[in-house]
Every structure is written in structure tokens, then in C-alpha cells.
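Below you'll find the structure, written out as C-alpha cells, and then a few comments.
2 protein chains.
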Amino acid sequence: MPRTDHLGLDLLVTLDREAARPLRAQLEDQLRDGIRRGRLHAGTALPSSRALAAELGVSRGVVVEAYGQLVAEGFLVATPGGTTRVASVALHEPPEAPPERTPPPVRFDLRVEAADLSAFPRREWLAVLRDVLRDAPHTAFGYGDQAGAAALRGALSAYLGRARGVVAAPRSVVVTTGITQAVAVLGRALRRAGVTRIAVEDPGFPVHRMVLRDEGLELVPLPVDGDRLRVDALDAGDAGAVLVTPAHQFPLGMALAPERRAALVAWAQARGAFVLEDDYDGEYRFDREPVGALQALAPAHVAYLGSASKTLAPALRLGWAVVPDALLEAAERHKMLSDSGSPMLDQLALAAFVERGELDRHLRRMRQRYRRRRDVLVAALARELPLLQPEGIPAGLHLAARLPADLRLAPLLECAWADGVGLYGFPHGGVERVLLGYANLPEPSVAPAVRALARAAERAVPG
Amino acid sequence: MPRTDHLGLDLLVTLDREAARPLRAQLEDQLRDGIRRGRLHAGTALPSSRALAAELGVSRGVVVEAYGQLVAEGFLVATPGGTTRVASVALHEPPEAPPERTPPPVRFDLRVEAADLSAFPRREWLAVLRDVLRDAPHTAFGYGDQAGAAALRGALSAYLGRARGVVAAPRSVVVTTGITQAVAVLGRALRRAGVTRIAVEDPGFPVHRMVLRDEGLELVPLPVDGDRLRVDALDAGDAGAVLVTPAHQFPLGMALAPERRAALVAWAQARGAFVLEDDYDGEYRFDREPVGALQALAPAHVAYLGSASKTLAPALRLGWAVVPDALLEAAERHKMLSDSGSPMLDQLALAAFVERGELDRHLRRMRQRYRRRRDVLVAALARELPLLQPEGIPAGLHLAARLPADLRLAPLLECAWADGVGLYGFPHGGVERVLLGYANLPEPSVAPAVRALARAAERAVPG
């Protein structure tokens, strides 16, 4: 039961002691008007008559009378606990909390979005927050360095070097609210560096395209054929930068082939161009050791982008960019102007979480869990729905599966959602695919989900 | 003592079983190269030999030998606890954590920036965080509504109506990371609505000007004379919007006169223009009841901007905008594209903090504290430094004081900072002023701070 205390609530009332109208009437007028106009919401608790009288410098009787009059008029109600509250008055619709924009309820969640939300390490996260709130100096509650807390930049640079092969000095790390903000910040930094065109994988992540376009960059589509990102198309497109997902192409799911990695870096170096390396789920590789970051091949030309959304939770809004020197000052400036820096307490909490090895521990647990789910999913597809053809490497939190020619995406999605199977898909180059995410699909639900999807596929085939 | 556990740390190593070079040598090569290139930072703990051997699928002897070789070469050190760590190798400078960009140390802090950082309600904030981490459903760890958590939008709309007279339905509230981001988001929304010129108070807050200019808006300076913001200049400047601080002009410190408030709103309504009302410290008025938000006069034309930076702490990065319907969709879109929404757990914590009356309680405590400090400051100025002339209304967390003609700002600031008195100032219209902030100046320090400033003034006068 939350602690409430209505004695000391702020209530904005202004009395004019020079006016002819009595103070009691002025108080009534203002409360009545506030309720009528929707400024005072239905259910809002008012201060006690004693507290409000003291606040306004009037006798308590003035407030008691005004409250009584408005109760009589139906604007206020006196509740049993002695608290006076604003009534639900028909004159003005009581504003309702907006519905959360969560998608419709689903029985089986195959959407590709985030880490397993049920596995967030609540206890461990609270423990680091408690330590931060106990130990942080007062100055930690101010603005701090708007490119990120020194403790977090240090912890991330060491962690990214060890776990992802990133070559990063702490000063090169800019803390963001996630990869999307990193793309926005770097997009603007690229504009300042004179870049006007940026290549993006086709197919790719639509939100990042919107962000880059909003920053005034022209997009050059870069064809993705199997594992053979068409690096040759970069020169044809006259791009000054490229945004790629080398460890696990989104959405198709393959890794960039070694010779293509080298060609991409050689292109950037030859042209003085920049690569934005979106490593959105690089922590998860199930068949072999993960491939290290492309960034290590050319730190002066590759910006590395990561976040906690696929390892911990999107709700934290914690991400990072390791930024080439040539873009660093502009990236820091735009980070400052877009939000004055990320929340400091959360940053210090993540720094402690990484330093203590909690992130590694959590990742080890989750990798096993996701790997099992993926195996079960692939087996269930082969058994129950062999006409869907899984593609890509065993990595990340989703797989793409190709539809046969006679099964169309739109009716499949419609039938699936109607039966409580939530998933997305996309057409590309004459082929349609669904994306099957397993981060929020518990292992026992995998087979039933695939069976439900198989039934949807049967209904979706015409004839 | 933080819990550490080096058994399960991630370490990126890739062994090629087809290669002629022995696995032990491959492992050595990669670690040596990682340390040389600065990818593995000095002091980084490596996994235990047992854990790494299991991870790589090699016998433990391979790892033990490789570690031993690198210890012999000086790349690694075996620490007494049995942990193997990366040595400080002279080949590559160990990257150092960047210094926090805090200003130089000061004895007396008169800078205008934030709430009293020593008064952050750590215990109460931890309590709401604990409840959020215990009670929030799993879905709260996902992306959620990127315009803000429903619980916070509801709590803020009721609070702002009650305490600041804002007319706000929850759906009109966009949660931001502070007023700066609200200005950025609304600046872009104004651009989408076809506005190209925005008037800004002169003098005003420089960061907001940079943000608006970065969003592609042309700035029209709007002269501020005493309490008589020159509303007539709006038409002359052909502006489609204006950014103002009506409750407590920044930096001069007066309130917008009632007839000017009315004129400003009438201008916006007649022209179909928009007002951005920056209510950065509207919670603090010491001589009378605070003046309610301008927004209530014309919610379709006035966006109301506030934050927790002056009431709780900038470190939280929590702010809000109450947005007119005509700008709402564009504001939500840009908020989404700039950071995919504010951190959810912090939003839920603030919602609970407001709902439980904790914010009101904290504000009441702080108002008394700031009011006393301001009184003591004004008295000390009259006594010790009468040539500085305080201006503005008794409100907020700072006052502006006018310098006499023979005392110049630049030498005064130089002498003050050299003596550990941290403060800012600004020239305007041939007059120079200092800004005296009292939020982070404890009451017993006020008189000594003013005496130190008086000595600086003596040294700063030529002759």
C-alpha cells in the first residue's frame, strides 16, 4: 500500500486580497473553474483544510466553507478517510490514462524485439542500484559528462575489448540510450563531416532508415545476397558511409563473409569513408566462437554500436557507440544537444553490473537458454512446417524463414495473428519471409507455437 | 566489496582447427595481439584456465601453457588470488578513464545549474525503485509506449494540473529527458508544421538556442525590458513560435507581467502560432502563491515544458512536455526517433514518487531551505557588497545582480574563480550582471561566499 499524505499537497490557488469578492468565494471560483476545465482531475486529493488555510494565510473556516459548498454542488466529495477529492463531474470528461501502445495480446510471441523480458535480473539490478544510491558522491546527481559517466565508459571499453574484440579507449565511448540514438547521433556527425549519402543494407532495419533520413542523409540501398553484401555497390552509390550488421545481418540472419569484411574496410580506408557497425545481437553465437567486431580492423573508420536491449532489457535505454576520432567531437555535441546526457544513476548501475561480472554471468545463462529454444524451434519447423525454410547462421534471437511461392505473407500473418501467434515478416527480391523470434517464447511453447503457425499456413493457402 | 567471479567471463578467441599452427600457439598469438593492440586492457581479468578450456573445447593444459608463456613474456600477470590478468604493458599505453568534465573545484558554488545535489532523497527514491522492480510486470522491461509510460503521463497530468495550473490530458504529455530534449522535439515538430522562425528571449538560455538552430529554425531575438517582454516585436520578426520563461525569466529573474501574458497568448491565437513555455523552476516562488502556467490560457497554442532537474536532480534525466494537439503526433515521432523512449523503470519510479506525494513533501522541505538561503544571500549582499544590485522576483534557485559601471564582469569572474568562488555572469544591453545560484550553497556558506566575492570585486576594480 503506497504511503499517501494529503496534508502537504501543492494546490495552485491565488487569492486577491484587494478584490471586493470575499476570499471564500474566490477560492470556490478557482476550484470550480479548475474542475470544470479539467485542470483538476477526477479523484485528485486536495490538501486538508488546515494545510491549505496555512498555505494561503486565511482562517481554516474559509477553506472548510469553500470545500463544503463545492461538495454540496457535487464538484468535490468527502471520502471516509477525511480526504476531500475531486468528484467525477460530467461537465468535463475525466481524462483517462492513454492505453499503452503494446501490440494486441498474443498466445505465442514470435516477435523480434528484445531480450527475454521475463528473465531480467531484477534482484541483481536492484543490488547495484542500491549500492549506487548509497555510495555515489553528491556530484553524481548533477549533469556530469554528457558523453557518459567515466565509470561506465571505462567499464564498457574494457568489456567490449574482451568480449567483442573492439579496440576502444574510454574517451572514444559515447553512452547513448540505445542503437537508434547512436545512429541519430552518428548520422548528424556524418553530416557535419560533409557526408551526404549513406548506404544501408537492403533489406535492413526500417527505423534506422527513418532516423538517417530525418538527419538529412540520402540513403543508398546496398543489396545483400546471401552472405555476399555487395561491397562493389558502395562505389557505384557514391556513399560516404555505410550502416551494416556484419555479425548477424538484420533481418536475413547470415554473417558477413570474411573476404567481404576485408573489402568493406578497404573501401572505407581508400575512400576516407565511415562504417557504422550495428552489433545489435553480437553476444549470441551458438555454433562456434563469435566473430569479433569489424571495428578492430580499422578503428579510425568504423564506429561500433551496441546496447543492453538484447542482453538485459530495452526498458533500461542504455547503449553505446565507440566513435572514430574524426566523428567524436560532433557525436558528443549532438548527444549533449539531444538529451543533455543519459541518466547518471542508471549508467553507474550498469558500470557496476559489468565490473562485477554480472553481465557475463547473465549472458552465459541466457545464451544456453536461447540456444536450446532455437534448436527446439528448428526441429519443430522441420517436423511440423517443413515448407518454411530456415535461413541464416545459428546466432542471435531470431531466424528468418523463407515462404514457398504458393504461401503468401499477408494472409499468413493475418491468419496467425487471428489465432494469437504474433510475428512479423517481409518481402525481399520476390521472396517473402517470416521472422521467428524466440527470446520471448518459452521452450515448452515452441512446438505448440509452430503447430499453430502450421494451421495458419494451411488456412492461408488459397483454394 | 563487489562480488567478482572470473570463472565465467567472456573472452573472444577463435581457434582454427584446420590450421597447421598448434592451438596453444594460436591462443597465445591472439592474446598477445589483443594486449599489444589495446583491445585487452591492462588489469582485465581473464577466465580461469578450466573455464576457457571448456569454452574453447581444448584440454586445460593448452590454456595453462599459453597463459604461462605470456606471463613469462610479461603480457600477463598471475595475481595472488589465482586470477590471471593483463599486465600493464609499455607497448600500448593502458587506456585511462576520461576525466569527468566537472568544472574546477570551488569552495563556494554559486553556479546556476540544478537542485541542491546533497538533498537528493536517496532513501525515498530507492524505495520506489525497489517497488517497481518487485511489482512491474515483465512487459514493463520492453520498449513500451515511446511517448512515455501511461502511469507517469497520468501522474504528471494530474500533478501539473493541481500544482502548476496546467490543463493536460495524459495523452498530451510526452515524457522527455529534460527541457532541452523537449525543446529539440518541439523544435522539430514546429519545423514539420511549417514554422521556420522562432522568437527567443534576449537575453535567454544559450543551449536552447543551439538546439533550435540545429533543428533548422531561424532565431528572432525578442527584447526583454524589465517585466515587459516586447510582445510587439513578435509580429515584426515574423515568427511562427516563441520560447519564453514566463514564471521566472532566465536569466534576468522577473515574472512576465499579467497584461504581457495576455498579449502573448492573444498573439499566438491570432496568428495560429505556438508558445513554448519553459517552466524550468516554476515550483519555487517565495513571496506569494506562484503564478499558474500560461498554458492554461490557450492549451491549443502553448506547449508547457518542465523537468525534475530543479526539483530532484538532473541525473534522473526526466522531463515532460504538455503538447498542443497540432504538434503532438510530430513530437511523439521525433521522441521515438531520437531515443526510442525514456527509461521505463525510472519513469515508473517517478510516477510512484508523485502518486505517493513524495514529490510534494520533498518540494515543501526544499522550498523552505531555498527561501532561507535566498534571504540570507540578499541580506549579505546588502551588508557586504552593496554595489551589486539584486534584481528580479523572490523565486527560483538564482538571482541576477547588476554590476556598477566601474566593475567589469571579466576581471570579477577571473578574481572570483581564482579564489574558489564559482559563478557565471553575462552582459546585456550595455549592463553586466552576475548570476548568483543558491541551490548548492549551504546556508552557513552564504555570508563567507559573499565576502569572498566582495574581495574579488575589490581586486577586480582597476587602479
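If you're matching them up, the sequences are chains G and U in order.
No gaps in the numbering here: position 220 of the first sequence is 223 in my numbering, and each next residue is one more.
No gaps in the numbering here: position 212 of the second sequence is 215 in my numbering, and each next residue is one more.
We put the CB at the ideal spot given by N, CA and C, even for glycine.
Item: Classification of residue 156 of chain U by the beta-carbon crowding that lies within 10 angstroms, buried from 16 upward; Value: buried
Item: Within-8 angstroms CB hit, residue 93 of chain G to chain U; Value: Summary for residue 93 of chain G: the model assigns pLDDT 44, below 50, so the residue's position carries little reliability, and this model does not support an answer.
Item: At least 3 beta-carbon pairs within less than 8 angstroms: the stretch 361-379 of chain U vs the stretch 261-268 of chain U; Value: no
Item: Residue 294 of chain G versus G:271, G:206 and G:260, residue with shortest Cα-Cα distance; Value: G:260
Item: C-beta neighbour in chain G for residue 101 of chain U, strict 8 angstroms; Value: Its pLDDT being 46, under 50, residue 101 of chain U is placed unreliably by the model, and nothing is read from it.
Item: Residues, ordered as in the chain, of the stretch 124-152 of chain G that lie near chain U by beta-carbon distance below 7 angstroms; Value: 125, 128, 129, 132, 133, 136, 141, 142, 143, 144, 145, 146, 147 and 148
Item: Residues of the stretch 289-305 of chain G with Cβ closer than 7 angstroms to any Cβ of chain U, in chain order; Value: 292, 293, 295 and 299
Item: Segment contact flag, the stretch 327-337 of chain U with the stretch 150-168 of chain G, C-beta cutoff 8 angstroms, min 3 pairs; Value: no
Item: Through-space distance from residue 415 of chain U to residue 394 of chain U, alpha-carbon basis; Value: 19 angstroms
Item: Pairwise C-alpha distance: residue 29 of chain U and residue 19 of chain U; Value: 8 angstroms
Item: Range of the contiguous beta strand (DSSP E) that encloses residue 393 of chain G; Value: 392-394
Item: Alpha carbon of residue 237 of chain G to alpha carbon of residue 277 of chain G, nearest angstrom; Value: 12 angstroms
Item: Proximity test, Cβ basis, 8 angstroms: residue 347 of chain U and chain G; Value: yes
Item: Residue 162 of chain U CB to nearest heavy atom of the ligand FAD below 7 angstroms; Value: For the structure depicted, the ligand FAD is absent and the ligand set is empty, with no information on it obtainable.
Item: Residues from the stretch 387-407 of chain G in contact with chain U, defined by Cβ distance under 7 angstroms; Value: none
Item: Stretch-stretch touch, CB-based, cutoff 8 angstroms, three pairs: the stretch 338-352 of chain G with the stretch 309-324 of chain G; Value: yes
Item: Range of the contiguous beta strand (DSSP E) that encloses residue 288 of chain G; Value: Taken as a continuous stretch (DSSP letters only), residue 288 of chain G belongs to no beta strand (DSSP E), as it is neither H nor E.
Item: Cutoff 8 angstroms: residue 44 of chain G Cβ touching any chain U Cβ; Value: yes
Item: Residue-level contact to chain G via CB, residue 282 of chain U, 8 angstroms cutoff; Value: no
Item: Residue 457 of chain G versus residue 375 of chain G: straight-line alpha-carbon distance, rounded; Value: 21 angstroms
Item: Host beta strand (DSSP E) of residue 414 of chain G (start-end); Value: Taken as a continuous stretch (DSSP letters only), residue 414 of chain G belongs to no beta strand (DSSP E), being part of the alpha helix (DSSP H) at 412-421.
Item: Residue 442 of chain U to residue 141 of chain G span [Cα, whole Å]; Value: 13 angstroms
Item: Cα-Cα separation between residue 253 of chain G and residue 361 of chain U, rounded to whole angstroms; Value: 45 angstroms
Item: CA nearest to the CA of residue 427 of chain U, picked from U:404, U:447 and U:121; Value: U:404
Item: Residue 67 of chain G versus residue 86 of chain G - alpha carbon distance; Value: 12 angstroms
Item: Residue 345 of chain G, DSSP secondary structure in three states; Value: coil
Item: Residue 309 of chain G: first and last residue of the uninterrupted beta strand (DSSP E) it sits in; Value: 305-310
Item: Listed by chain order, chain U residues near residue 317 of chain G by CB distance under 9 angstroms; Value: 144, 145, 146, 147, 343, 344 and 347
Item: Alpha-carbon spacing of residue 344 of chain U relative to residue 337 of chain U, whole angstroms; Value: 10 angstroms
Item: Beta-ladder partner(s) of residue 38 of chain G, from DSSP; Value: Note: residue 38 of chain G sits in no beta bridge, so no partner.
Item: Listed by chain order, chain G residues near residue 117 of chain U by CB distance under 9 angstroms; Value: 144, 145 and 146
Item: Simplified DSSP assignment, three categories, for residue 406 of chain U; Value: coil
Item: Backbone secondary structure at residue 179 of chain U - three-state DSSP; Value: strand
Item: Interface flag, residue 161 of chain U vs chain G, CB-CB below 8 angstroms; Value: yes
Item: Within-8 angstroms CB hit, residue 167 of chain G to chain U; Value: yes
Item: Beta bridge counterpart(s) of residue 235 of chain U as assigned by DSSP; Value: Looking at the DSSP assignment, residue 235 of chain U forms no beta bridge with any residue, so it has no partner.
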